[in-house]
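Down below is the structure, laid out as C-alpha cells.
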Amino acid sequence: MKALIVVDLQNDFVPGGSLAVPGGHEIIPIINRLEEKFPLVVATQDWHPANHLSFASNHPGKKVYETVIIDGLEQILWPDHCLQGKEGARLVSGFDDRPVEAIFRKGTDPRIDSYSGFFDNGRKKSTGLGDYLRGRGVRQVYLCGLAAEFCVLYTALDALELDFETYYVEDATRALSEEGFHQAKEQVVKRGGILLTSAEIN
Ligand code: VGL
Ligand code: ZN
855 MKALIVVDLQ NDFVPGGSLA VPGGHEIIPI INRLEEKFPL VVATQDWHPA NHLSFASNHP
915 GKKVYETVII DGLEQILWPD HCLQGKEGAR LVSGFDDRPV EAIFRKGTDP RIDSYSGFFD
975 NGRKKSTGLG DYLRGRGVRQ VYLCGLAAEF CVLYTALDAL ELDFETYYVE DATRALSEEG
1035 FHQAKEQVVK RGGILLTSAE IN
C-alpha cells in the first residue's frame, strides 16, 4: 500500500509566515488533488516550544540563518516559527485536511531540532511515524510539502533508511533556495529515491 506524507504544510512556511518558502502556497491545490489518489494520507507538523534551540532569538548575539554547533550537531538558527498552538503552526488554510488520518508532531524537545518526520536530528527519538506506516501495511511513501531541502528532504532520507520505497513529488514541494532544491533532489536519487511529478501518479 502507498501513503502520501504531507510535510509541514503550515502557515509559517508560506508567504506571510515567519519562515516563508517562496511560492509555498502554490502547492496547496496540487496536494489537495493528490490526496484523492492515496488510500492513506498522513501529515507532519513542526511544533516548537518558545525556548527551542533552533530559534536565533534564543542565542543572544547570533543572527538568523547563522550556523552554530550544538552538542556536536550543526544547527541553522531560524526565525521563530511554528510555535506550539499559535497561528503560524496551524496547517495552512485551503489545505484539505479531511483525508489526513494522523498528524505527527516534531521539534517539540527544546534541546533538539527535528527536520525529519521520522526522527529528531540526533536520531535519538522517533515520532512513531515509521511504526505507524508499517502497522498500516505501507511499503511506498510519497513526499510533498515544505521545505523541499529541509523537512521534505530529511523525511525522504529517513524513509529510504527505513526501507520504504520513496517518491519525492517535485511539483508538490517548494524550496527556500534553488541551489538547495537541486542538491536535495540529487541526494534523494543518490540514496535510491525516485523523483516524479504529481501528473505521473494515479
Ligand atoms: C523546516 C526549518 C526549520 C521545514 C522546519 O519544515 O523545512 N525548516 N524548521
Ligand atoms: Zn522548525
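Residue numbers for the sequence shown follow this note's numbering, beginning at 855 and rising by one. In this text, a Cβ means the ideal position worked out from N, Cα and C, and glycines have one as well.
Practice task
Would you mind stating whether Val-1006 and Val-896 have Cβ atoms separated by less than 8 angstroms?
Solution key: Taking 8 angstroms as the Cβ cut-off, Val-1006 and Val-896 do not qualify as a contacting pair.
Problem - Contacting residues, own chain, Cβ-Cβ under 7 angstroms from Glu-1012 (five flanking each side not counted) - result: The identity of residue 1012 in the sequence shown is Asp, whereas the question assumes Glu. Only residues of its own chain outside the window of five on either side were considered, and among them Ser-970, Phe-972, Phe-973 have a CB closer than 7 angstroms to the CB of Asp-1012, listed in chain order.
Exercise for the section: Classify Val-992 as buried or exposed, calling it buried when 16 or more other Cβ atoms lie within 10 Å of its own Cβ. Expected result: Classified as buried, Val-992 has 16 or more neighbouring CB atoms from the shown chains inside 10 Å of its CB.
Exercise for the section: With DSSP collapsed to three states, give me the class of Gly-877. Expected result: When secondary structure is reduced to three states using DSSP, Gly-877 falls in the coil class, being assigned neither helix nor strand.
Exercise for the section: Within the same chain, show all residues whose beta-carbon is closer than 6 angstroms to that of Ser-911, passing over the 5 residues directly before and after it, in chain order. Expected result: Hits under 6 angstroms: Asp-934.
Practice task
Would you give the residue range spanned by the beta strand (DSSP E) that Val-922 belongs to?
Solution key: Element bounds for Val-922: 921–924.
Problem - Bridge partners - Leu-1000, DSSP secondary structure assignment - result: DSSP, once it has assigned bridges, lists no residue as partnering Leu-1000.
Exercise for the section: Look at Leu-956 and Gln-864 and say whether their C-beta atoms are less than 8 angstroms apart. Expected result: First, the amino acid is wrong: residue 956 is Ala here, not Leu. 8 angstroms or more divides the Cβ of Ala-956 from the Cβ of Gln-864.
Exercise for the section: Could you pull out every residue in the same chain whose Cβ sits closer than 6 angstroms to the Cβ of Val-1042, ignoring the five residues on either side in sequence? Expected result: Its chain contains Ala-1010, Tyr-1022 as the residues whose beta carbon lies nearer than 6 angstroms to that of Val-1042, once the 5 sequence neighbours on both sides are disregarded; these appear in chain order.
Problem - Cβ-based burial, Lys-917 [other Cβ within 10 Å; buried from 16] - result: Label assigned to Lys-917: exposed.
Practice task
Just the C-alpha distance for Cys-998 and Asp-925, rounded to the nearest angstrom, thanks.
Solution key: Distance between the alpha carbons of Cys-998 and Asp-925: 30 angstroms.
Handout entry: Beta bridge counterpart(s) of Ala-956 as assigned by DSSP
Key = Partner(s): Val-896.
Handout entry: Alpha-carbon spacing of Glu-1024 relative to Glu-1054, whole angstroms
Key = Spanning the two alpha carbons is a distance of roughly 11 angstroms.
Problem - By C-beta, the residues closer than 7 angstroms to any heavy atom of the ligand ZN, given in chain order - result: Checking every Cβ against the heavy atoms of the ligand ZN under 7 angstroms gives Asp-900, His-902, Ser-908, Trp-932, His-935, Cys-936, Gly-961, Asp-967.
Problem - Outcome for Thr-1051 when other beta-carbon atoms lying within 10 angstroms are tallied against a minimum of 16 - result: The residue in question, Thr-1051, is exposed, as its Cβ has fewer than 16 Cβ neighbours within 10 Å.
Handout entry: Distance cut-off 7 angstroms: Ala-943 Cβ against heavy atoms of the ligand VGL
Key = Answer for Ala-943: no, Cβ out of range of the ligand VGL.
Problem - Reduced DSSP secondary structure (H/G/I, E/B, other) of Glu-889 - result: Looking at Glu-889 - three-state DSSP - the assignment turns out to be helix.
Exercise for the section: Examine the ligand VGL and report whether any of its heavy atoms sits within less than 7 angstroms of the Cβ of Ala-1001. Expected result: Taking the Cβ of Ala-1001 as the reference point, at least one heavy atom of the ligand VGL falls within a distance shorter than 7 angstroms.
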